[in-house]
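Residue numbers (the numbering used here), protein chains in the order written: chain A, 1 to 466; chain B, 467 to 835; chain C, 836 to 1356.
Beta carbons are placed, not taken as given, at the ideal position from N, Cα and C, and that holds for glycine.
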Amino acid sequence: MRKTKVKVHPYIPNSAPEVKQAMLKEIGIKKVDELYNEIPSKIRFKGKLNIPDGIESEFALKRHVETILAKNTSCVDNLSFLGGGVANHYVPVICDEVNSRAEFLTAYAGEPYEDHGRFQSLWEFQSLMAELLDVEVVSVPTFDGAQAASSSIGMIRRYTGRDEILISDTTSPDRLAVIQNYCHPMIKITMVKHNVKTGMMDIEDLKQKMTKNVAGIYFENPSYLGFIETEGKEISKIVHKNGGKVIVYADPISLGVLTPPSNYGADITCGEIQPLGLHINYGGATGGYIGVNDDPKLVQEYPWRLFGIDKTEVEGEWGFGDVLYDDRTSFGNRETGKDYVGTASALWGITAGVYLALMGPEGMKEVGTVIMQRSQYAAKKISGIKGIKAPAIDSPFFKEFIVDFNKTGKTVSQINKALEKKGIFGGKDLSKEFKELGQSALFCITEENTKEDIDRLVSELKNIIK
Amino acid sequence: MKVGLIINPIAGMGGSVGLKGTDGEEILKRARELGAEESANYRTLETLRELKKVDSEFTLCTPSGKMGETAAIQCGYNPNVVYRINKTSSCKDTMEAAKTLIQKGVDILLFAGGDGTARDIYSAIGDTCVVLGIPCGVKMHSGVYASHPITAAEIVTSYLKSESKQIVEAEVIDLDEEAYRSDQIATKLYGYLKIPLAPRLTQGVKSRSQASDTNIQRAIAKHVIKYMEEDCFYLIGPGSTTRTVMNELKLPNTLLGVDLIKNRKLIGLDLSEEGIINLIGNSKTKVVVTPIGGQGFIFGRGNQQISPTILRQIGKGNIIIVATQSKLYSLGGIPLRVDTGDIGIDNLLSGYYKIITGLNETVVYNAGV
Amino acid sequence: MSADIKSKLRKFHQAKWDEQLIFELDTPGERGIIVGGVEDEIEKQIGNGFANLPTGMKRKKSPALPEVGQMRVLKHYLRLSQHTLGADLNVDIGQGTCTVKYSPKINETIARNHKATKLHPWQDESQVQGALEILYKLNEYLSELSGLDHFTIQPPSGSAAIFTMASIVQKYHEVRGEADQRDEIITTIFSHPSDYSAVALKGYKVTMLYHDPKTGVPSAEALRAAISERTAAIFITNPEDTGIYNPEIPEFTKIAHEAGALCCYDQANANGLLGITRAKEAGFDMCFFNLHKTFSTPHGCGGPATGAMGVTKALKEFLPAPYVEKKKGTYTLNYNLKHSIGKVRSFYGVFPVALKAYSWLRSLGAEGIREASEVAVLNNNYLLTHIKKIKGAEAPYAKGKHRIEQVRYSWEKLFKETGVNTEDVTLRMCDFGFHLWSSHHPFIIPQPFTIEPTESYSKAELDEYLNALRHIAKEAYDKPDFVKKAPYNSVVHRINHDSFDDPKKWAITWRLYKKKHLNQN
């Protein structure tokens, strides 16, 4: 039962008794409960919800939640070498400044008139990404890279009318789990092997599996295991020859220095925008991108919103709107919609746009270069420790590389526990995901990891291993 | 470019005085006596003024006087008068004027009127020219009108400007006015006129485009074909949605008639009741029908060949109803109707149907007498 | 204060910076931010970092990103933010179905703590006990609100939650050996398009129940006609976007269960029902809540979002992995769910959204949550009372009945009588600093507009919004041409849509605009 004293919550202005009475009167009823007359009494909830009482004061609420959060150790508290999907890249403060703006934070689905700025900033995200990927069309971002990968597969399935997809077996297991559920039971997945020594795709295996029933191939570059696939051109040639399409999942922060997949034959480039100005947020700040060239048949297969630009009736004004909305998205038309579309990651898309605008061509080159140099330095130094080999796969890599601990007599888990005590998050344990690698871990170096950080890691590792 | 314009000056007059139509001299006289005023002209002015606002260059070709010339001049046009009428006009004038305008090579023919006018236009020119109706009639069950006089102008402008000049077929339907006046509904599908594919006028309000309706009709046909049983007869009723099934099977067909197929092969074209009975005998038969026009009749209008006798043999379970969702929405929620002339069979065929609205997609919808 | 029809309308004008595109600000040589080069020592040892890279993999041409100084980038985006009308500025009740409510600022402050933003998903469980505690407790509260037993926040949106439910339905019947037989899902024509498209993606045939034209909701009789041994599940929204509660829902779930089908509840429209009625008592096996809507976390121009999804005990083992559990006082991630569908999103879901939803729930508590529901419904019926009186506006279906949290109205009468359609009205609303949304598919109600006031807006604000609607409806009758040319006080004027559906003209990126409209490559 209610307490006798009426509480007026600051978030609920019309719970003020005088206002409530005035409104009830205008509706012509006595009690709010009458508004629920249509709900059969047998399914009305009659008890008291087993949820704690409200925390009234703002500071008490803040203290309550922060007390729980304090139980976490963050990548500010510790030095982090974790990657494998998202990584602790530097977030320029302007990115946070823009995505904290109340207007962007609280807008939703306004028309291209009152929400002109939302449309423009997302169209600019599309345009900036297109330059980075060297493609002509990019959509607003979807939920995450895994969804971008999945929807890319859906796109080429519909495009080719073929129900089988080839996927490289070095694909991130976390991402693959999402793809598998997405494809089941409509799309058959066939894994393509890699060369154990180099990590590169097994071309002979690809040739054998790339039949006329196959819609195309999906592979990641740089791969989940860090190395750079250098046979992209050859892979594309084989797939195209059989009427298939090529999907490459690429880390966008690598593309200031690495060749964009569209240049070696990718029909679709997809991936995760987290590296572009988003905090890691326990893996919760993600956005997926898909880029293609302007083939209307392929553009028609995009399941999400695509913003376009045109003039308005007033000279000199830019206006924005939805491209091919009606028949392409399920918002426009449920029967011809290509896929489901929902509220995804617009705020992160705007943020990634801000990031690319700040970085410019020089910034992207700089960040890519510094990551390449530091990660190679880290691998070299780590490999200098007796019993450790890095990288375990002898191929060029970008920000991540495998560290092989098999000869140390210690498990990754033991090593990471020991590192944790020294305030370091070591690499991601691969011993379960890729059993053939034994006790190995995936280390990630971002532009935030300085030489000093790397030297600290190396010295702690030495102490642990000895 | 040339735009033709025909106003049926008396269209809509009956409606204002409760006469449910204005077809025929006698009714017109009664309408006038009851104080009805000519309103088609007024609605046409709305369209013409709107057309004038955009600077598309075209010559307006019209019949003389009330059938177009006067309205055109009133809105600041300098019309090319191609057909002369007497003081009073008749449906014959509508037909003759339409023929003349086609001879003059108009790019599109606008007509102001209702279902009676649409029928006259159809019988005069068939599908030889693209037309568009300005909604002015009492009865407007046909699919040939813009939703509003202003919208008519927007459609014409966009059609003249567009390079692809996409068109769609729209039903010409009319009621038997005698029956209608005594509150019975009896629609008939007369045929199809060609109208412009309505442009997407707005971003905000996204009405389903007609282009996608064509795709959906194809999806519906694919569904019907996918689940066709072997050695079973399929009667294909009239209408453009059912016809798509025949087109997808690449079989000759009749738009307004009833055709019969089996094992994806044609058995009979444009069959009569007797013809159907002779061909199907006692064999398993399914019937594919689509609701016609705004009244939602599935039996008893335009497909009387599929008689109560035949329907009794076929049974409710073997009736396949197909319709695009937009067609269903246009019914405004009223149940589908059955009126075969045999109340027993009508009652038997009432109840819920799973209407096929796409590939692997159905809508559960009610049918009643 | 009482509703004063004569109270003045805001003399509003939106900020209009006449801002250029970011590409037009390009000034070669300018820098927005410096990342910094590598340490000399590393350079000495490693060189330029590209020695091992095959030449084909080294990017040759730099991306043609604009070069713009930092302050100008900031200014550009702040101006664009001012060209955007968020809920913090607007009386944002015109976006029905989306529950645009107040997103308390304190939650945003909390979510920007480094103990949340700087957690890596692969950190050991022992290092993220706080995060897991938040997820665990949030799941508990959501279970309580729905009456179901287990929740996950992995689905990143309501639509993704629908897809997740469809995945579970499929797996459930696979495990029982009935997957081939049960190839059909029943939903309603008024449900969200995703209730169609997400289940169709799983290969299901979809049957949609049409509503009764009087009540506005589908009848149990219609469901009975549709259900069969081929039915895998029913996906029901209640209330649908019309705001009409379907009282036959217990009958629906009974019919479905008797036929061996599962019952999935799309609770996108839960904002009037929290603490009032629950999925469990209505007989559902699964349901989901939109945390970015009902739990205020906010909308962010269209995400990030979360469709927190719950199931009964019997379906726990089908949940996407991992599932957050508590064992001996320690929170842990359980990957060992016997029939798990796998994953629907990378990692564990959208953590910051879950964190803000947790904070919102704690600030309101059990009583506050119920009060929020009741006031949302009160506000909605207050608006309904007044909107019905506006000439040209109608509220189809369920005449004389109250609605839950929103109403889909129609301007059809206005359109027929004046030629002014919903879009014209929505664009004119911009001139008063308001947003009015039309609707998404299906377009059953002609000239639709959907209003959902939530609990967040004061009566005075609701009155102000009503005034604008009244004013525009009157304008439509007095001077329709004027309304049809709106907006006048917005950032831009009527946009030319011709190119958006034309492959030869559409310009989805700056690159395409230059190619197609400026003849530059």
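Cβ shell of residue i (< 6 Å), same chain only, five flanking positions each side left out
i, result
"lysine 672 of chain B", "Because lysine 672 of chain B carries a pLDDT of 34, less than 50, the predicted location of this residue cannot be relied on, and no value is offered for it."
"leucine 715 of chain B", "Arg730"
"proline 1139 of chain C", "Val1185 and Val1188"
"glutamine 964 of chain C", "Tyr1166"
Chain A contact residues for residue i, given Cβ-Cβ distances below 8 Å
i, result
"cysteine 1265 of chain C", "Glu111, Tyr113 and Glu114"
"threonine 1220 of chain C", "Glu26, Ile27 and Gly28"
"glutamate 902 of chain C", "Gly360, Pro361 and Glu362"
Nonlocal neighbours in the same chain, by C-beta distance under 8 Å from residue i, ignoring five residues either side
i, result
"valine 19 of chain A", "Pro13"
"isoleucine 280 of chain A", "Cys75, Val86, Ala87, Asn88 and Gln274"
"histidine 64 of chain A", "Ile55"
"cysteine 1098 of chain C", "Ala1068, Ile1069, Ile1071, Phe1087, Thr1088, Ala1091, His1092, Gly1118, Phe1119, Asp1120 and Met1121"
"alanine 130 of chain A", "Glu136, Val137, Val138 and Gly291"
"glycine 670 of chain B", "Unreliable positioning characterises glycine 670 of chain B in this predicted model, as indicated by a pLDDT of 35, which lies under 50. The coordinate reading is nonetheless provided below. Once the five neighbours on either side are set aside, glycine 670 of chain B has no close Cβ partner at all."
"valine 984 of chain C", "The question names valine, but residue 984 of chain C in the sequence shown is aspartate. Counting only Cβ-Cβ distances below 8 Å, and skipping sequence neighbours, we find Ser978, Gly1145, Val1146, Thr1147, Lys1148 and Lys1151."
"alanine 1364 of chain C", "Outside the modelled stretch of chain C, which goes from 836 to 1356, sits residue 1364 of chain C, for which no answer is possible."
"isoleucine 454 of chain A", "Arg374, Tyr377, Ala378, Lys381 and Ile445"
Integer Cβ distance of residue i from residue j, believed to fall under 8 Å
i, j, result
"valine 1260 of chain C", "glutamate 1240 of chain C", "At roughly 22 Å, the Cβ-Cβ gap does not stay under 8 Å, so valine 1260 of chain C and glutamate 1240 of chain C are not in contact."
"glutamate 272 of chain A", "aspartate 144 of chain A", "6 Å"
"isoleucine 941 of chain C", "glutamine 376 of chain A", "That pair is no contact at about 45 Å."
"valine 788 of chain B", "threonine 708 of chain B", "6 Å"
"proline 1283 of chain C", "threonine 1257 of chain C", "6 Å"
"alanine 1311 of chain C", "leucine 1249 of chain C", "6 Å"
Contacts of residue i in chain C (Cβ-Cβ under 8 Å)
i, result
"aspartate 267 of chain A", "Result: empty, since nearest Cβ-Cβ is about 16 Å, beyond 8 Å."
Cross-chain neighbours of residue i in chain C, by beta carbon under 7 Å
i, result
"lysine 421 of chain A", "Result: empty, since nearest Cβ-Cβ is about 11 Å, beyond 7 Å."
"glycine 799 of chain B", "Pro1048"
Sequence-distant residues of its chain with Cβ nearer than 7 Å to residue i (five each side left out)
i, result
"arginine 778 of chain B", "Ile811"
"threonine 594 of chain B", "Ile568"
"phenylalanine 1335 of chain C", "Trp1341"
"leucine 1044 of chain C", "Ile1021, Thr1023, Ile1024, Pro1053, Ala1057, Leu1058 and Ala1061"
"aspartate 205 of chain A", "Val192 and Lys193"
Chain-ordered neighbours of residue i on chain B, where CB pairs are closer than 7 Å
i, result
"isoleucine 1279 of chain C", "Tyr795"
Beta-carbon neighbours of residue i, restricted to chain A and to distances below 9 Å
i, result
"histidine 1174 of chain C", "Per Cβ cutoff of 9 Å: no residues; histidine 1174 of chain C is ~12 Å from chain A at best."
"alanine 1207 of chain C", "His9, Tyr11, Ile12 and Ser15"
Proximal chain B residues relative to residue i, where beta-carbon distance stays under 9 Å
i, result
"leucine 1186 of chain C", "Per the sequence shown, residue 1186 of chain C should be read as phenylalanine rather than leucine. The contacting residues do not exist; phenylalanine 1186 of chain C stays about 35 Å from chain B at best."
Kindly provide the ranges of any beta strand (DSSP E) runs that are 3 or more residues long and lie completely inside the segment 263–320 of chain A, ordered along the chain. 268–272, 288–292 and 307–311
Proximal residues, the segment 598–626 of chain B versus chain C, C-beta separation under 9 Å: Going along the segment 598–626 of chain B in chain order, one finds Ser613, His614, Pro615, Ile616, Thr617 and Ser624 with a Cβ nearer than 9 Å to chain C.
Counting only Cβ-Cβ distances shorter than 8 Å, please list the residues of the segment 754–767 of chain B near chain C, keeping chain order. none
Would you list, in sequence order, the uninterrupted alpha helix (DSSP H) runs of no fewer than 4 residues that lie entirely inside the segment 742–799 of chain B? 774–780 and 791–796
Identify each residue in the segment 955–987 of chain C for which the Cβ-Cβ distance to at least one residue of chain F is less than 8 Å, and report them in chain order. Reference to chain F is not applicable here, since the protein chains of this structure are A, B and C.
Identify each residue in the segment 1301–1316 of chain C for which the Cβ-Cβ distance to at least one residue of chain B is less than 8 Å, and report them in chain order. Going along the segment 1301–1316 of chain C in chain order, one finds no residue with a Cβ nearer than 8 Å to chain B.
Taking Cβ-Cβ distances below 7 Å as the criterion, which residues of the segment 1132–1162 of chain C are in contact with chain B? Of all residues in the segment 1132–1162 of chain C, none has a Cβ within less than 7 Å of some Cβ in chain B.
What are the residues of the segment 65–82 of chain A that lie near chain C, defined by any Cβ-Cβ distance shorter than 9 Å? Val65, Glu66, Thr67, Ile68, Leu69, Ala70, Lys71, Asn72, Thr73, Ser74, Cys75, Val76, Asp77, Asn78, Ser80 and Leu82
In the segment 1103–1191 of chain C, which residue ranges form an unbroken alpha helix (DSSP H) of at least 4 residues, counting only runs that do not cross its ends? 1114–1117
In the segment 1029–1042 of chain C, which residues sit with their C-beta less than 9 Å from some C-beta in chain B, listed in chain order? Tyr1031, Ala1035, Gly1038, Tyr1039, Lys1040, Val1041 and Thr1042
Please list, in chain order, the residues of the segment 161–178 of chain A that have any C-beta partner in chain C closer than 7 Å. Answer set for the segment 161–178 of chain A: Asp174, Arg175, Ala177 and Val178.
Every unbroken beta strand (DSSP E) inside the segment 156–244 of chain A [3 residues or more]: 164–168, 188–192 and 214–220
Given a limit of 7 Å on CB to CB distance, which residues of the segment 1054–1079 of chain C reach chain A? none
Suppose only complete runs of 3+ residues qualify. What are the beta strand (DSSP E) ranges in the segment 1188–1245 of chain C, listed by chain order? 1242–1245
Which parts of the segment 9–72 of chain A are runs of the beta strand (DSSP E), unbroken and 3 residues or longer, counting only runs that do not cross its ends? none
In chain order, each beta strand (DSSP E) run of at least 3 residues that lies wholly inside the segment 977–1036 of chain C: 985–987 and 1019–1023
Where are the beta strand (DSSP E) runs, 3 residues long or more, that stay fully inside the segment 407–453 of chain A, in chain order? 440–444
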